[in-house]
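In the working numbering, the protein residues as written are 14 to 492.
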């Protein structure tokens, strides 16, 4: 439990800009790399994507461990001596608080939704990348995220360790950590020099601060050397949408219910064209920034492959089965929902003579822990409940020439609350998107979204909420 106060809106907006930079910077890097000489040196595939290794080629455990400890020490020092003038008793830790935490064990905290479901996973991404940027692979970096969060929960504050914090920080941090690690790698160019090199390093530092710090320590910030062989995925797609969204049914496009929004969609890699072998060789990362809502960052979602293999492949079709790791954060006036899930997925692709292709995706699996809006006060003091559940998603797409002309997405999340009010939460979302290219890389689109929330309480009346939303937007294909 790192913080307990609501973050100022301008801080959230700044965080949103950092994420926007994370989405745009790789495209600039890719474009410049395409114009670079083809004979640039590259690292051998065995070391692809792995930087920060020791001179003998082994991961740097000592530095990774020190950085995980240092991250916790830095956050604790701020909370203890600067935040609230150093008067907050929560951070007056010592042997007595450590002993109590070890003896008392796990509990659930009452932090606000943004802190628990977004700030904590971001912190976990720093733990993860302390290992990833010191030469560890994806799976080898996972324990560092869990260990760093565990250290904070038991020794970073007086509060008893919170199970929800440990899970969200670790599981969410792993997802964001690998996404940011790969995006930062595409931004950096070890063969660049001058101002281009400096801007690239600054961009990479903003996306992956721990990795950027290690590059400074190792002298890689300015040293000209080989790029990782898999610096870029085989295929990728990125869109930026700018438009209006309206909420409600009775006063559609009314000024009180209509706001501007910006959305970025980043498809890193394509499993049907070779991006399948290693964890997160393909992932989807989406960010929606809302203006006029309660938070600037309205939605952040990420889903990356953990493993996968082809079931069947022909000249015009292919089918893949895989395992995926999902992170979701939605925070608007109408809905709070977030969590982490592990799913099994069936992906299919059919190609047609007219250039169109049809894709389908079916996912199902357990939600390790999720948080969902609650209608009644509880002893926890939160505005949302916590619990495990299941996640289901069906996605159908019609594509042509790099554009998604039509997309239907139906999802159903079920959560059984074990902290907060005793309840079963059902969240059913149906989204239809239509788009058409107009000229070059610019197109127009519309989206229709309906979210039905069914909340069945043990001690209170059941609540059923229907939240429709419509969007019209201009879309830019940024690659």
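We treat Cβ as the ideally placed atom computed from N, Cα and C, and that holds for glycine.
- Under the DSSP definition of a beta bridge, residue 492 lacks any partner.
- By the beta-carbon neighbour count (other beta carbons within 10 angstroms, threshold 16), residue 320 is exposed.
- Rounded to whole angstroms, the separation of the alpha carbons of residue 377 and residue 333 is 15 Å.
- Each residue's CA atom was taken as its position, placing residue 303 and residue 364 some 36 Å apart.
- Between residue 186 and residue 137 the beta-carbon gap is near 2 Å, inside 8 Å, which marks them as a contact.
- DSSP lists 274 as the bridge partner or partners of residue 303.
- Looking at 436, 242 and 130, the one whose alpha-carbon comes closest to that of residue 402 is 436.
- Where residue 104 is concerned, there is no enclosing beta strand (DSSP E), because DSSP gives it neither an H nor an E.
- Three or more Cβ pairs closer than 8 Å define a contact, and the region 377 to 390 meets that threshold against the region 467 to 476.
- Taking all protein chains shown into account, residue 488 has 16 or more neighbouring C-beta atoms within 10 Å of its C-beta and is therefore buried.
- Separation of the CB atoms of residue 293 and residue 318 is rounded to 7 Å, and the pair is thereby assigned contact status at 8 Å.
- Straight across, the Cα-Cα distance linking residue 188 with residue 124 is about 22 Å.
- If you draw a straight line from the Cα of residue 478 to the Cα of residue 122, it comes to about 26 Å.
- In the DSSP annotation of this structure, residue 431 is not part of any beta strand (DSSP E), being labelled neither H nor E.
- For the pair of segments examined, the region 214 to 226 was found not to touch the region 160 to 177: the number of CB pairs separated by less than 8 Å stays below three.
- In the DSSP assignment, residue 318 is bridged to 337.
- Counting C-beta pairs with one atom in each stretch, the region 197 to 209 and the region 150 to 157 have fewer than three that are closer than 8 Å, which means they do not touch.
- The residues 306 and 311, in chain order, have a CB closer than 6 Å to that of residue 345 in the same chain once the five nearest residues on each side in sequence are set aside.
- As DSSP reads the structure, residue 423 sits in a beta bridge with 407 and 443.
- Its chain contains 189 as the residues whose beta carbon lies nearer than 7 Å to that of residue 135, once the 5 sequence neighbours on both sides are disregarded; these appear in chain order.
- Around the C-beta of residue 357, fewer than 16 other C-beta atoms lie within 10 Å, and the residue is accordingly described as exposed.
- Counting only the Cα atoms, residue 380 lies some 7 Å from residue 352.
- Under the DSSP assignment, residue 131 falls outside any beta strand (DSSP E); it carries neither an H nor an E label.
- Annotated three-state conformation of residue 155 is helix, per DSSP.
- Residue pairing for residue 412: DSSP places it in a beta bridge opposite 370 and 417.
- The beta carbon of residue 102 sits closer than 7 Å to the beta carbons of 171 from its chain, once the five residues preceding and following it are set aside; these are given in chain order.
- In chain order, 203 place their CB closer than 6 Å to the CB of residue 238, counting only its own chain and leaving out the 5 sequence neighbours on each side.
- Residue 459 and residue 339 have their C-alpha atoms spaced approximately 26 Å apart.
- In the DSSP assignment, the residues bridged to residue 331 are 326 and 362.
- Linking residue 255 to residue 391 through their CA atoms gives a straight-line distance of about 39 Å.
- Within the same chain, and ignoring the five residues on either side of residue 180 in sequence, the residues whose Cβ sits closer than 8 Å to its Cβ are 353, 381 and 382.
- Spanning the alpha carbons of residue 142 and residue 194 requires a straight line of approximately 7 Å.
- In the structure shown, the three-state DSSP call for residue 243 is coil.
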